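What follows is a single structure, written as C-alpha cells, with notes after it.
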Amino acid sequence: MRKSITRMVFVVVVCLGLMILVMGGEKSQGKEKAGKDVKSMSQNEQIKLALSAAPPHIAKNAAVLVFGADGKLKEGKPGANGFTCIPTVMNLPIPDPMCMDAAVKQWWGDLRNSAPKPSNTVPGIAYMAQGGSHWEKDKRVLMKEEPGAQIVKEPPHWMIMWPFDAKTTLLPTAPNPSGVYVMFDGTPYAHVMVYQDPKKMK
Ligand SMILES: [Cu+2]
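Quick look at the structure:
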C-alpha cells in the first residue's frame with residue numbers, strides 16, 4: 022500500500038512537471054517570435070540559416086549580416102558577388118532568410134527605417150529559398166500586423182523589387198495558383214513575388 026502511494030505521488034509530480042514544461046514552451050512560442058530566437062542563435066547558426074536562402078552558387082560568395090548581442094545587424098561574413106544574406110526578414114515564427122542584391126539591400130534598409138518609399142533606382146532581385154510568411158486579412162496581403170490578421174506561409178520564392186502596379190500590369194495582388202503576384206500592391210514597396218524554388222536554379 023505504502024509503496025503504491027509513493028508511486029502515485031511520483032507519477033503525479035512527474036505529470037505536473039511535464040505540464041509546466043509544455044505550457045512554458047507554448048507560452049514562449051506564442052509570445053517570443055522567431056526573430057528573437059534567430060537573434061539568440063550563435064553567429065554560425067545565423068550564417069548557415071542566412072545562406073540557405075540562395076542557391077549554393079550564389080550563397081558561396083555572398084556576404085552575410087547577423088544579429089549581434091545588442092540586437093543590431095553586423096557583418097557575419099564578407100562577400101564577393103554583390104549579394105547579402107540575412108537570417109530573417111519578418112521575425113515571424115516561420116524561418117525566412119533572404120539573399121538580396123545591392124538594390125534590394127537598399128530597398129530593405131529603407132523599409133526597415135520606415136522610409137516613405139524605397140530609394141533603389143534599379144529593380145533588384147532577392148531569393149527566399151526557405152519561403153517565409155506575411156500578414157493577411159480578408160485575402161489582402163498586409164505590410165504590417167493588424168487586428169484580425171493572420172500569418173500566411175509563403176513557399177520558396179524569389180522576388181523582383183520594383184513598384185509594379187497591378188492596375189497596369191494586370192498581375193494578381195495575392196497568392197494564387199499561377200504562383201505570381203504583386204505583394205504590397207498600391208504602395209511604394211510593391212514588388213513581384215515569383216513562387217519558383219531558387220534551389221532549383223542552375
Ligand atoms: Cu514579398
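So for the sequence shown, my numbering puts the first residue at 22; every next one is plus one.
Think of the CB as a built atom: it goes at the ideal place given N, C-alpha and C, for glycine as much as any other residue.
Here the structure is a predicted model, which means the values were calculated and not measured.
Alpha helix (DSSP H) containing residue i: first to last residue?
| i | result |
| --- | --- |
| Q127 | A123 to R133 |
| L72 | Q64 to L72 |
| K188 | A187 to T190 |
| I115 | Element bounds for I115: n/a, residue is neither H nor E. |
How about residue i and residue j: do their beta carbons lie closer than 7 Å?
| i | j | result |
| --- | --- | --- |
| A71 | P108 | yes |
| H155 | M214 | no |
| A74 | C106 | yes |
| G152 | E175 | yes |
| H212 | M164 | no |
| V85 | Q64 | no |
| M204 | V162 | yes |
| K95 | G89 | yes |
| K160 | G169 | no |
| Y216 | G200 | yes |
Residue range of the beta strand (DSSP E) that residue i falls in?
| i | result |
| --- | --- |
| T105 | T105 to I107 |
| K95 | L94 to K98 |
| I181 | H178 to M182 |
| A147 | G145 to M149 |
| A80 | Run containing A80: none in the beta strand (DSSP E); it sits in the alpha helix (DSSP H), P77 to A80. |
| Q171 | Q171 to E175 |
| F88 | A84 to F88 |
| M204 | V201 to M204 |
| M214 | H212 to V215 |
| K158 | G153 to K158 |
Nearer than 6 Å: is that true of the beta carbon of residue i relative to any heavy atom of ligand 1?
| i | result |
| --- | --- |
| M204 | yes |
| M121 | no |
| M62 | no |
| M182 | no |
| M214 | yes |
- Say whether the region 176 to 188 touches the region 136 to 153, bearing in mind that this needs 3 or more beta-carbon pairs closer than 8 Å, one atom from each stretch. Segments in contact, yes.
- Per the contact definition of three or more C-beta pairs closer than 8 Å, is the region 109 to 118 in contact with the region 186 to 203? At 8 Å Cβ cutoff, the stretches do not touch.
- Query: Quick one: any contact between the region 123 to 132 and the region 143 to 158, if contact means 3 or more CB pairs under 8 Å?
  - Reply: Yes, the region 123 to 132 touches the region 143 to 158.
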